[in-house]
Every structure is written in C-alpha cells, then in structure tokens.
Amino acid sequence: MTEKTPDILCIGSVLWDVIGRTASHMRVGSDVPGRIHRLPGGVAMNIAMTLVRFGLRPALLSALGRDAEGDELAAEAERMGMTVDHLYRSEDLPTDIYMAIEGANGLIAAVADAHSLEQAGDKILRPMGDGRLGSAEAPWTGLVALDGNLTTELLAQIAGSDLFAHADLRVAPASPGKAERLLALMGHPTATLYVNLEEAGLLCHATFETSEAAARALVARGAHRALVTDGGRAATVATADTVFTQTPPEVLVTRVTGAGDTFMAAHIASEAEGMGAEAALSRALAAAATYVSGDNPL
Numbered sequence: 001m002t003e004k005t006p007d008i009l010c011i012g013s014v015l016w017d018v019i020g021r022t023a024s025h026m027r028v029g030s031d032v033p034g035r036i037h038r039l040p041g042g043v044a045m046n047i048a049m050t051l052v053r054f055g056l057r058p059a060l061l062s063a064l065g066r067d068a069e070g071d072e073l074a075a076e077a078e079r080m081g082m083t084v085d086h087l088y089r090s091e092d093l094p095t096d097i098y099m100a101i102e103g104a105n106g107l108i109a110a111v112a113d114a115h116s117l118e119q120a121g122d123k124i125l126r127p128m129g130d131g132r133l134g135s136a137e138a139p140w141t142g143l144v145a146l147d148g149n150l151t152t153e154l155l156a157q158i159a160g161s162d163l164f165a166h167a168d169l170r171v172a173p174a175s176p177g178k179a180e181r182l183l184a185l186m187g188h189p190t191a192t193l194y195v196n197l198e199e200a201g202l203l204c205h206a207t208f209e210t211s212e213a214a215a216r217a218l219v220a221r222g223a224h225r226a227l228v229t230d231g232g233r234a235a236t237v238a239t240a241d242t243v244f245t246q247t248p249p250e251v252l253v254t255r256v257t258g259a260g261d262t263f264m265a266a267h268i269a270s271e272a273e274g275m276g277a278e279a280a281l282s283r284a285l286a287a288a289a290t291y292v293s294g295d296n297p298l
C-alpha cells in the first residue's frame, strides 16, 4: 500500500450543479431576482465530499470531458482532498451538468444533462483491471460506493465481475426513479443497499409501513445487507442474521436534498473507523439529522 492508495472508490455521477435560488414564490413563467450558484455535484461526488469531511480520501471513478468545465471540476475535487487520477477524460463527451430552479415554494424545475456518464459506460472502470486500482490477479478488496446513475447494464456487469467480487460494495440509488437499477446487485455477496422507504418498495414491488418491514423484505429478496431510512422515523439495518432499528434525533428540517448521501457517507466512514453496527447507524443518523437542520454535518 502507498500513501496515495485511496480509502474508498466513489463510482458514478460527478458533475456541476447549477442552482438558481430565490426567496420568492414561483410559478411557470416567473422572472424574479435571486442567486445562481455553481457547485460540484452528482451522487458519487456528494458522497465523496462527505467522506472527505470524515477524514477519508476517496478516489473518483466517473466521466469528465476534456473541456474547461471538466478541468475546473477535477481541480476542485483534488483541492477538496479527492484522488482524481482515475477519472475517464473524454475527448468527445462534454462534462455533465445539472440545472435547477428553487423558489420559496420548493423545487420549481430541474434538468439533468448527464448523458456522458452513461455513454462512457465501462470505460470509467478501466483502472479496476489495468493495475492502477486492481487487476484480474489482484482485484480491489476495499470499499466501493456505487450510485444508481450508472446504467442497468453497467451495474449488472459490476455485479458479475471478478474485479468487484471481493470489494465491500455500498450502493445507493440516485433517485426513486432509478431504484430498480439496483436489482442487478441483489445477489452480490458483499453489497450493502442504502435506500429510503419508497425506494425499498420499488425494489420489492410492495408498499411498506416501516423501515424494518422493508429491510427484512430486501434481505429476503437477496440483498446481503440493507439499510432503510424513513425520514424522521425509525431506520433499520438488516442482514440474514440480524435486524435492528433506531430512531433519528428530532430536528427542525430546513433541507432534504443530500441527506441520503450524508447518511450513507457517515455510515461508511463510521464502519471504516471500526465502529460496531449499532454505533455506526447512530452516528450516521445523527449526521443526517444535523445536515437536514441546516448545520454542518460534523
């Protein structure tokens, strides 16, 4: 191992978020003053940013264009403490971007121009097999965070690949609409699924009243381990042998987007530090609660 060996690989969406925010209520056709911010985003990037705050050094595996936007994003990720040497830089694909408008009455509209990651396909995984992060003879055996922005085909390829057979996979859907993509990883011997109650229902084609019922159903369906959250209600961790539930701290909710990524990263970091299962869940719930309250998650 060298000093440059990352603590975890974050595989998935890395892009620019362009967010316009206003204190005004908005409707179709509104033209109001506000602020426009450009920030690093994408599920894999969001998880990596939280992991950095917990003291880990993640490596990003994603697709960026060889354009000014890609250069700036890679430089910003490196400045924050991430390893960017293994990013796939495309000559003909642009750097992905997500654009949203938020008013006092919530998210008004959003457009995700995130086609480059899907078009790059398994090119983003080359470092896993060419010796940089692993090979067929010596595959990566550490932590891997996967996000559901990867195509169903690529997730299925990862599920069946010897290059990931001994990795500690941590998997999250990018959104409820992409939750069913994770079905490809249901039988993987090391995969941990991080989902909310709605996403668990989509994966199981059922409706659940509690996180415990959902987590048990995911394990019965083939998940190695499932962590199911339900907003401010109890969250559950389930494996074939153990099931336990905890209730998150009560806080005033000021934001929700990004809470799942914070929860997942905090849980991964806690287990990486050697915390037991129940302590890791408690810390992750506390970090997510602090995040949604609008404070720093640490």
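Residue numbers (the UniProt record's numbering): 1 to 298. Glycine included, C-beta positions come from ideal geometry on N, C-alpha and C. Please read these numbers as outputs of a predicted model, since none were measured by experiment.
Report task. Have a look at Thr242 and Ala217 and give me their C-alpha separation to the nearest angstrom. Result -> The residue labelled residue 242 in the question sits at position 242 within the sequence shown. The residue labelled residue 217 in the question sits at position 217 within the sequence shown. Near 13 Å, if we compare the C-alpha coordinates of Ala217 and Thr242.
Query raised in the report: Is the beta carbon of Asp96 less than 8 Å from the beta carbon of Leu117?
Result: Within the sequence shown, residue 96 is the residue found at index 96, counting from 1. Within the sequence shown, residue 117 is the residue found at index 117, counting from 1. Yes. Within cutoff.
Query raised in the report: Taking just the CA atoms, how far does Val144 sit from Ile11?
Result: Counted from its first residue, the sequence shown places residue 11 at position 11. Counted from its first residue, the sequence shown places residue 144 at position 144. Roughly 7 Å between the two C-alpha positions.
Query - DSSP beta-bridge partners of Glu102 - result: Taking the first residue of the sequence shown as position 1, residue 102 is located at position 102. According to DSSP, which records beta bridges pairwise, Glu102 is partnered with Arg21, Leu107.
Query raised in the report: When we look at the beta-carbon of Ile158 and count the other beta-carbons within 10 Å, is it buried (16 or more) or exposed?
Result: The residue you call residue 158 lines up with position 158 of the sequence shown. Answer is buried; the Cβ neighbour count reaches 16.
Query raised in the report: From Leu107 to Leu150, what does the alpha carbon distance come to, in whole angstroms?
Result: The residue labelled residue 107 in the question sits at position 107 within the sequence shown. The residue labelled residue 150 in the question sits at position 150 within the sequence shown. Spanning the two alpha carbons is a distance of roughly 24 Å.
Query raised in the report: Considering only residues of the same chain and omitting the five flanking positions on each side of Ser282, which have a CB-CB separation below 7 Å?
Result: Residue mapping note: residue 282 aligns to position 282 of the sequence shown, counting from 1. Result list for Ser282: Gln246, in chain order.
Query raised in the report: For residue 303, does the three-state DSSP call read helix, strand or coil?
Result: For residue 303 there is no data in the structure shown, the boundaries of the chain being 1 and 298.
Query raised in the report: Around the Cβ of Met8, are there at least 16 other Cβ atoms within 10 angstroms (buried) or fewer (exposed)?
Result: On the sequence shown, position 8 is the one that residue 8 refers to. The residue asked about is misnamed: residue 8 is Ile in this sequence, not Met. So Ile8 ends up on the buried side.
Requested in this report: Hey, could you find the ends of the alpha helix (DSSP H) Asn46 is sitting in?
Outcome: Translated into positions along the sequence shown, residue 46 becomes position 46. Here the alpha helix (DSSP H) through Asn46 covers 43 to 53.
**Report entry** Proximity of Thr262 and Arg225 at Cβ, strictly below 8 Å
**Finding:** Counting from 1 along the sequence shown, the entry for residue 262 is found at position 262. Counting from 1 along the sequence shown, the entry for residue 225 is found at position 225. Cβ distance not < 8 Å, so Thr262 and Arg225 don't count as in contact.
Query - Cβ-based burial, Asp162 [other Cβ within 10 Å; buried from 16] - result: Against the sequence shown, residue 162 aligns to sequence position 162. So Asp162 ends up on the exposed side.
**Report entry** Whole-angstrom C-beta distance between Val84 and Leu56, which should lie under 8 Å
**Finding:** Within the sequence shown, residue 56 is the residue found at index 56, counting from 1. Within the sequence shown, residue 84 is the residue found at index 84, counting from 1. The pair is not a contact, with the Cβ atoms about 15 Å apart (cut-off 8 Å).
**Report entry** Neighbourhood of Phe164 by C-beta, 6 Å cutoff - its chain only, sequence neighbours within 5 removed
**Finding:** Locating residue 164 in the sequence shown gives position 164, where the first residue counts as 1. Excluding residues within five positions, the ones whose Cβ falls inside 6 Å are Ile158.
Requested in this report: Could you check which residue in Val111, His267, Leu285, Ala109 has the C-alpha nearest to that of Leu51?
Outcome: Along the sequence shown, read from residue 1 onward, the residue named residue 51 stands at position 51. Ranking Val111, His267, Leu285, Ala109 by Cα distance to Leu51 puts His267 first.
Query raised in the report: Using a Cβ-Cβ cut-off of 7 Å (strictly less than) and excluding sequence neighbours within five positions of Ala112, which residues of its own chain qualify?
Result: Residue mapping note: residue 112 aligns to position 112 of the sequence shown, counting from 1. Counting only Cβ-Cβ distances below 7 Å, and skipping sequence neighbours, we find Tyr98.
Query raised in the report: Taking Cβ positions, are His188 and Leu169 nearer each other than 8 Å?
Result: In the sequence shown, the residue the question calls residue 188 occupies position 188. In the sequence shown, the residue the question calls residue 169 occupies position 169. Against a cut-off of 8 Å, the Cβ pair of Leu169 and His188 comes out as a contact.
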